[in-house]
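J.: Sequential numbering from 266 applies to the first sequence in the working numbering.
Glycine included, every Cβ here is placed at the ideal spot set by N, Cα and C.
On a predicted model such as this, the values are computed, not experimentally measured, just so you know.
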Amino acid sequence: MAEKSERYDHKSVESRWQAEWEKAGAFRTTGAAGGKYYVLEMFPYPSGKIHMGHVRNYSIGDVVARFLMMNGRSVLHPMGWDAFGLPAENAAIQHGIHPAKWTYENIDNMRGQLKRMGLSYDWGREVATCSPEYYRWNQWLFLKLFEKELAYKRRSSVNWCPECSTVLANEQVEDGRCWRCGTLVETRELEQWFFRITAYAEELLDHTYKLPGWPERVLVMQRNWIGKSVGAEADFRVEGSDESIRIFTTRPDTLFGVTFMSLAAGHPLLEKITAPERKEEVESFSARAKAEAKRMAVSPDEVEKEGVFTGAYCLNPLTGDRVPVYAANFVLMEYGTGAVMAVPAHDQRDFEFARKYGLPVKAVINPPGQALDPEKMDAAYVEPGVMVNSGPVNGIKSEEAKEAITRLLEEKKAGEKAVTYRLRDWGISRQRYWGCPIPIIYCEKCGAVPVPYDQLPVILPEDVSLTGKGLSPLASSEAFVNAACPSCGGVARRETDTMDTFVDSSWYFLRYVSPKESELPFREDEARYWMPVDQYIGGIEHAVMHLLYARFFTKALRDLGLHGFDEPFRNLLTQGMVCKEITRCQEHGYLYPEEAAGGVCKFCSKPVATGAVEKMSKSKKNVIDPDGIIGRYGADTTRLFTLFAAPPEKDLDWNEDGVEGSYRFLGRVWRLATENVELLKETIPLEPGLKIEGSARELYAATHRTIRKVTQDIEERFHFNTAISSIMELVNALYQFQTELDGKEPHSIEARVFREAVEAVILLLAPFAPHISEELWERLGNQEPVYRTGWPRWSEGAVKEDEVEIPVQVNGKVRARVRIPAGAAEEEARSLVMQDDKIAELTSGKAVRKFVYVKDKIVNMVVA
RNA sequence: GCGAGAGUGGCGGAAUCGGCAGACGCGCCAGACUUAGGAUCUGGUGGGCAACCAUGGGGGUUCAACUCCCCCCUCUCGCACCA
266 MAEKSERYDH KSVESRWQAE WEKAGAFRTT GAAGGKYYVL EMFPYPSGKI HMGHVRNYSI
326 GDVVARFLMM NGRSVLHPMG WDAFGLPAEN AAIQHGIHPA KWTYENIDNM RGQLKRMGLS
386 YDWGREVATC SPEYYRWNQW LFLKLFEKEL AYKRRSSVNW CPECSTVLAN EQVEDGRCWR
446 CGTLVETREL EQWFFRITAY AEELLDHTYK LPGWPERVLV MQRNWIGKSV GAEADFRVEG
506 SDESIRIFTT RPDTLFGVTF MSLAAGHPLL EKITAPERKE EVESFSARAK AEAKRMAVSP
566 DEVEKEGVFT GAYCLNPLTG DRVPVYAANF VLMEYGTGAV MAVPAHDQRD FEFARKYGLP
626 VKAVINPPGQ ALDPEKMDAA YVEPGVMVNS GPVNGIKSEE AKEAITRLLE EKKAGEKAVT
686 YRLRDWGISR QRYWGCPIPI IYCEKCGAVP VPYDQLPVIL PEDVSLTGKG LSPLASSEAF
746 VNAACPSCGG VARRETDTMD TFVDSSWYFL RYVSPKESEL PFREDEARYW MPVDQYIGGI
806 EHAVMHLLYA RFFTKALRDL GLHGFDEPFR NLLTQGMVCK EITRCQEHGY LYPEEAAGGV
866 CKFCSKPVAT GAVEKMSKSK KNVIDPDGII GRYGADTTRL FTLFAAPPEK DLDWNEDGVE
926 GSYRFLGRVW RLATENVELL KETIPLEPGL KIEGSARELY AATHRTIRKV TQDIEERFHF
986 NTAISSIMEL VNALYQFQTE LDGKEPHSIE ARVFREAVEA VILLLAPFAP HISEELWERL
1046 GNQEPVYRTG WPRWSEGAVK EDEVEIPVQV NGKVRARVRI PAGAAEEEAR SLVMQDDKIA
1106 ELTSGKAVRK FVYVKDKIVN MVVA
């Protein structure tokens, strides 16, 4: 029956179906009846071409989207461009191309690449954040936040990246380096716009406990970043002065054990209270500490903890004890109040400091059943215990003393309960060109005046000279800078900084719900229908930055009355990295594989090291270009491999042989269908009530088991690798079964079961490899395309088996396999098992001490 | 140091609720077809000659442990002078 057929030509199949989908508007968002589902992948920066990380990210999203579409859901699956950013500007500086031209050309190219991947986006909703139609709403939202005082301007010390020549937000500094280029960050004093994300610190933290669909590690990272500490603040009056030093502590229970005070190098009181004879010493120490601050942030362990006595004393608000005030290099001005009460007996760092400078140690908490002797301690005691030397709270537990002492402070009006966060407000000013202009005008008379709503958007001018040096390129455009004050009409200047591009991506998921709306950033009714995003998919690198900003925006926009939900993303999938083996020469570092032919370095002929698998990156010379792979094997194979080689959240090892394997599999599916196409086209579908027996019955059951497995793997676990492997198993079974089809008529049960199985394979494969599925589906004579065909359903009756083969263990070791009726009761199973020759032999003359039977699963008997 | 996750054949990985460890794929071996094979099809493939031994190591619970409990090791990621 099998006949020779044309070869699987992925090129023609894929381009044909991409054109068909486009022509038919196949993936336009519809209000299907099956309930809404918003699946979103993080939109890319249009750097020029997609990389394997994108391929993986978007393949995962496309499986979800196509699966749900086939299940009749109303699916929103949009794509767009995070299109403002530095690389465009750098390209302009280096190659003289205007950032807009560079960006839009890149977008065109990358859109083409995504289309060649066959992704089911509704391109009618495409957004690009660099278009005025988009960024006018950035400006609109900025003004709304400004009105609510959630956007404000202040002069402060900020992170400055000299390489990028711009300011960075705290979230964008990693280990003291720029997140983008890795350059060590400097500090500068600048006037900057901030978003008051700290106003939402508590809610942002609180809701991390209400996001069960997020990976725990992302939530933990966000909690760490927010860094809430609960404790108390207290005032220590400075002896002989009107000033007092306000401290924050998480250990108010140790307040009676304070023996000195530490101030940060930049603490404003330092200058006022330092004794004249110590001024010089303190000042030089402070200068040194400030200079060292950067190193401190990068590697705190390498910097010696030091301090210098100011000559001043302050008074413990509860005991009246007089304690010396030190300036210390480890106290951070940015955290708490910039002053720390030092309790050497119960804080390790204070302990070391006290020992170093010969300061007293006073124990106020004893371990249960012990008494601390400060003379003999060699480390601070930081655990809870029983209060001593603490006046009114002596004898109570230290955990209870926290509250008791805080109350004492409150009674004395010398302090109160306090909460501190590590989270800082989000600095959004950027001294670069290719970003969204901040809609503010400065007037000498009226100050910072918002641009009126009806004058939005403030258009980014084109005639700007880009050098990469100095401040804000926009300042060089006279036409842009000069403006009339909206308030008094007088001469005024526009703000020349642009917004952090993370602002653009903090609400783009909302624009997708109303991409063409011209009165508002999005329509409330459409947001109510589509939001929150049901499944968000992207890389872990945005665990804090983008995902925290987007959560903040969602809450702020809610409080502006623009929508009514609390969190933007119900479920979050952080996909693993795409990795590949590297080649490395001891002397010449990373090499391209072709530079190490024969296992030796092309430059020095020394043997190279291979085997280590690392994240694909240009610098490691282990990148695979998706275009090459898609050209050679096709989009279907590329998608299939990235989904098959590892579960989505794990790292993926790129392996060309594995790609070959996926290609072979699709070839097998192709031949299975095309070589039997005549028979398959003539065969009529199965109908209920047919009696199916023998190997046909087995294939029938296998088909339905596969449908069940693939369905459950996709919808319950996102385990696409096991879903694909079970399709492969069914294909293997079909190849076996094929030999029985010889001479069978199209109306035979065998042919009909075969047809059902082949069709199931094609439909189950469609979310993973959509082009080949459409092509084969059509060749089998189906009128409706796959994307309009329902997802196959399994029948419980088909899946159920009459007999099962179960392993029989004797003393824990499998000794036989026995066929028993499915669902057999223990007595029946036992009698069948004991009749087995092997088992009878092993148990003869011995007592069966225990007989364990797990229905349809296993028998284990203990024999002695 | 704290927190999260991981450790299974030559490799990627599977085992969903404590029930046959190694599905599926790669690689490798053999055979078939073929002028040819880097195409395709079929079969084999954890180790050991075997009894048996095997899921990072050691204990434990259980009829039964990759899975649960205790101790330890290694790796990845995050946090870390945060008062």
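Since residue 820 is in the alpha helix (DSSP H), which residue starts that stretch and which ends it?
T.: Run containing residue 820: 810 to 824, per the alpha helix (DSSP H) assignment.
J.: Roughly how many whole angstroms lie between the Cα atoms of residue 1118 and residue 1091?
T.: About 6 Å.
J.: Residue 1114 lies in the beta strand (DSSP E); which residues open and close that run?
T.: Where residue 1114 is concerned, the enclosing beta strand (DSSP E) stretches over 1113 to 1119.
J.: Sorted by chain position, which residues of the same chain lie with C-beta nearer than 8 Å to residue 526's C-beta, five sequence neighbours on each side aside?
T.: So the qualifying residues of the chain are 501, 510, 512, 579, 588, 589, 590, 591, 604, 605, 606, 607.
J.: Mind pulling the alpha helix (DSSP H) runs of 4 or more residues that sit fully within the segment 892 to 971?
T.: For the segment 892 to 971, whole alpha helix (DSSP H) runs of length 4 or above, ordered along the chain, are 900 to 909, 921 to 939, 942 to 947.
J.: For residue 1093 and residue 1009, what's the separation of their Cα atoms in angstroms?
T.: The alpha-carbon atoms of residue 1093 and residue 1009 are separated by roughly 39 Å.
J.: Residue 650 bridges to which residues according to DSSP?
T.: Looking at the DSSP assignment, residue 650 forms no beta bridge with any residue, so it has no partner.
J.: When we look at the beta-carbon of residue 253 and count the other beta-carbons within 10 Å, is it buried (16 or more) or exposed?
T.: As shown, the chain starts at 266 and ends at 1129. That puts residue 253 outside it, with no answer to give.
J.: Does the Cβ of residue 828 have 16 or more other Cβ atoms within 10 Å, making it buried, or fewer, making it exposed?
T.: With 16 or more Cβ atoms within 10 Å of its Cβ, residue 828 is classed as buried.
J.: How far does the beta strand (DSSP E) with residue 425 in it reach, from first residue to last?
T.: 416 to 426 is the span of the beta strand (DSSP E), which, as asked, contains residue 425.
J.: Give me the Cα-Cα distance between residue 414 and residue 625, rounded to the nearest whole angstrom.
T.: For residue 414 and residue 625, the distance between alpha carbons rounds to 47 Å.
J.: Let me check one thing: in DSSP terms, what residues is residue 1126 bridge-paired to?
T.: DSSP output for residue 1126 lists 1075, 1116 as bridge partner(s).
J.: To test your reading of the DSSP string, which unbroken beta strand (DSSP E) runs of 3 or more residues are found completely within the segment 494 to 557?
T.: Runs of the beta strand (DSSP E) inside the segment 494 to 557: 494 to 503, 509 to 514, 525 to 528.
J.: For residue 465, which residues from the same chain have a beta carbon less than 6 Å from its beta carbon, with the 5 sequence-adjacent residues on both sides left out?
T.: Excluding positions up to five away in sequence, the list reads 817, 820.
J.: Rounded C-beta distance between residue 731 and residue 354? I'm assuming under 8 Å.
T.: Right, the Cβ-Cβ distance comes to about 6 Å (below 8 Å), so this counts as a contact.
J.: In three-state terms, what does DSSP make of residue 631?
T.: If DSSP states are grouped into helix, strand and coil, residue 631 belongs with the strands.
J.: Quick check on this structure: which residue in 1023, 983, 918, 644 has the alpha carbon closest to the alpha carbon of residue 993?
T.: It is 1023.
J.: To the nearest angstrom, how far is the alpha carbon of residue 397 from that of residue 737?
T.: About 20 Å.
J.: Would residue 684 be called buried (16 or more neighbouring beta carbons within 10 Å of its own) or exposed?
T.: So residue 684 ends up on the exposed side.
J.: In three-state terms, what does DSSP make of residue 688?
T.: Coil at residue 688, not helix or strand.
J.: My output table needs one value for residue 997: the three-state DSSP class, helix, strand or coil.
T.: In the structure shown, residue 997 sits in a helix (DSSP, three-state: H, G or I).
J.: List the DSSP bridge partners of residue 713.
T.: Its beta-bridge partners are 707.
J.: Between which residues of its own chain and residue 836 is the CB-CB distance below 6 Å, once the five residues before and five after are set aside?
T.: Closer than 6 Å at the Cβ level, and outside the excluded window around residue 836, lie 478, 800.
J.: Looking at residue 1130: is its Cβ nearer than 8 Å to the Cβ of residue 813?
T.: Residue 1130 lies beyond the residue range present for the chain, which begins at 266 and ends at 1129; the question has no answer from this structure.
J.: If you count every other CB in all the chains shown that lies within 10 Å of the CB of residue 968, and 16 or more means buried, which is it?
T.: It is buried - the Cβ of residue 968 has at least 16 other Cβ atoms within 10 Å.
J.: Look at the alpha carbon of residue 804 and the alpha carbon of residue 810, and state the distance between them as a whole number of angstroms.
T.: Each residue's alpha carbon lies about 12 Å from the other.
J.: Could you check what DSSP says for residue 243 in three-state terms: helix, strand or coil?
T.: This structure cannot speak to residue 243, because the chain is shown only from 266 to 1129.
J.: If you measure between the beta carbons of residue 979 and residue 988, is that distance less than 8 Å?
T.: Yes, they are a contact pair.
J.: Taking the beta strand (DSSP E) that residue 339 falls in, what are its first and last residues?
T.: Element bounds for residue 339: 339 to 341.
J.: Just reading off the beta strand (DSSP E) that residue 399 is part of, what are its end residues?
T.: Taken as a continuous stretch (DSSP letters only), residue 399 belongs to no beta strand (DSSP E), being part of the alpha helix (DSSP H) at 397 to 412.
J.: Indicate whether residue 739 and residue 723 have their beta-carbon atoms separated by less than 8 Å.
T.: Contact flag unset, no.
J.: Just to confirm before moving on: does the CB-CB distance between residue 745 and residue 908 stay below 8 Å?
T.: No, Cβ-Cβ distance for residue 745 and residue 908 is not below 8 Å.
J.: In angstroms, rounded to a whole number, what distance separates the CA positions of residue 291 and residue 946?
T.: One C-alpha to the other measures close to 25 Å.
J.: On the CB-based measure, 16 or more other CB atoms within 10 Å of its CB, does residue 771 come out buried or exposed?
T.: Classification of residue 771: buried, given that the 10 Å Cβ count is 16 or more.
J.: Restricting to Cα atoms, I'd like to know which of 1084, 282, 670 is closest to residue 497.
T.: When only C-alpha atoms are compared, the closest one is 670.
J.: May I ask which residues mark the beginning and end of the beta strand (DSSP E) holding residue 880?
T.: Looking at the DSSP string, the run of the beta strand (DSSP E) that includes residue 880 is 878 to 880.
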